[in-house]
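Engineer: Every number in this note's numbering is 2 more than the matching position in the sequence shown, counting from 1.
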Amino acid sequence: MAASTRFYEAALAPFGVEMAEVEGAVGFGGVGVGFGPPGSVDFFITEGEPAATMHIAFAAPNRETVDAFHAAALAAGGRDNGAPGLRPRYHADYYGGYVLDPDGHNVEAVCHRPEG
3 MAASTRFYEA ALAPFGVEMA EVEGAVGFGG VGVGFGPPGS VDFFITEGEP AATMHIAFAA
63 PNRETVDAFH AAALAAGGRD NGAPGLRPRY HADYYGGYVL DPDGHNVEAV CHRPEG
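1. Counting only runs that start and end within the segment 70 to 114, where is the beta strand (DSSP E) found for 3 or more residues in a row?
2. Under the three-state reduction of DSSP, which class applies to VAL33: helix, strand or coil?
3. Return the CA-CA distance between THR67 and GLY18, expressed in angstroms with no decimal places.
4. Could you check where the alpha helix (DSSP H) with PHE7 kicks off and where it finishes?
5. If you follow the beta strand (DSSP E) that ALA61 is in, where does it begin and where does it stop?
6. In terms of residues, what are the limits of the beta strand (DSSP E) holding PHE46?
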């Protein structure tokens, strides 16, 4: 839980997201940490063994945020799963970067806007 908390706090900082709360995760069976813009919780993690790996994607307002997310996630202990770049197989302006979080989940930052 500590490694995941540190990872997401650093990786989501380029989005303006910060750790929003630390309290019991009612209904989730354990301790949880929320993340979001000031005054909001949009993403929540809980302690315990992951039941399955998943793909989590965060929409970025621009390509620079994707780049900053990827760098911050790697610096926070994430493992590279696809450097930031265009993924035209999805659409012409799909710009994404991928990392594996401490639990092996594929975490992506993606911008759907053209460069500029």
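All residues carry an ideal CB built from backbone N, CA and C; glycine is no exception.
Structural biologist: Considering the structure as presented:
1. Runs of the beta strand (DSSP E) spanning 3 or more residues and lying entirely within the segment 70 to 114 occur at 81 to 88, 97 to 102 and 108 to 113, in chain order.
2. Walking along the sequence shown from the start, residue 33 turns up at place 31. In this structure, VAL33 counts as strand in the three-state DSSP scheme.
3. Locating residue 67 in the sequence shown gives position 65, where the first residue counts as 1. Locating residue 18 in the sequence shown gives position 16, where the first residue counts as 1. Distance from the CA atom of THR67 to the CA atom of GLY18, rounded to whole angstroms, is 10 Å.
4. For the purposes of this step, residue 7 is identified with residue 5 of the sequence shown, where counting begins at 1. In the sequence under discussion, the amino acid at residue 7 is Thr, which differs from the Phe named in the question. Unbroken alpha helix (DSSP H) run through THR7: 4 to 13.
5. If you number the sequence shown from 1, residue 61 lands on position 59. Counting along the chain, the beta strand (DSSP E) containing ALA61 begins and ends at 57 to 61.
6. Residue numbering aside, residue 46 sits at position 44 when the sequence shown is read from its first letter. Where PHE46 is concerned, the enclosing beta strand (DSSP E) stretches over 45 to 48.
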